[in-house]
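Take a look at the structure below.
Okay, here's the thing in structure tokens:
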């Protein structure tokens with residue numbers, strides 16, 4: 216699955232011990248495309264990414 220996603224230009228990797236795949240997408244259409252490639256029994260989670268990244272205040 217990771218190879219198929221990468222061939223389509225999706226940033227994807229095996230995450231953790233597996234069978235987890237992380238795919239970084241930018242919109243709902245990309246997300247739907249990735250989910251179409253996943254086995255039917257797999258779940259999915261859409262996680263927000265903070266555009267600022269880590270912020271340390273002292």
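Residue numbers (our numbering): 216 to 273. We treat Cβ as the ideally placed atom computed from N, Cα and C, and that holds for glycine. Note that the structure is a prediction, hence the values are computed from the model and not measured.
query	result
Counterpart residues of residue 189 in DSSP-defined beta bridges	The displayed coordinates of the chain run from 216 to 273. Any statement about residue 189 would go beyond what the structure contains.
Pair within 7 Å by beta-carbon distance, residue 216 and residue 236	yes
CB contact flag (residue 225, residue 238, <7 Å)	yes
Exposure label - residue 249; buried when at least 16 CB within 10 Å	buried
Buried/exposed call for residue 269, threshold 16 Cβ in 10 Å	exposed
Given residue 220 as reference, the closest of 232, 258, 252 once Cα atoms are compared	252
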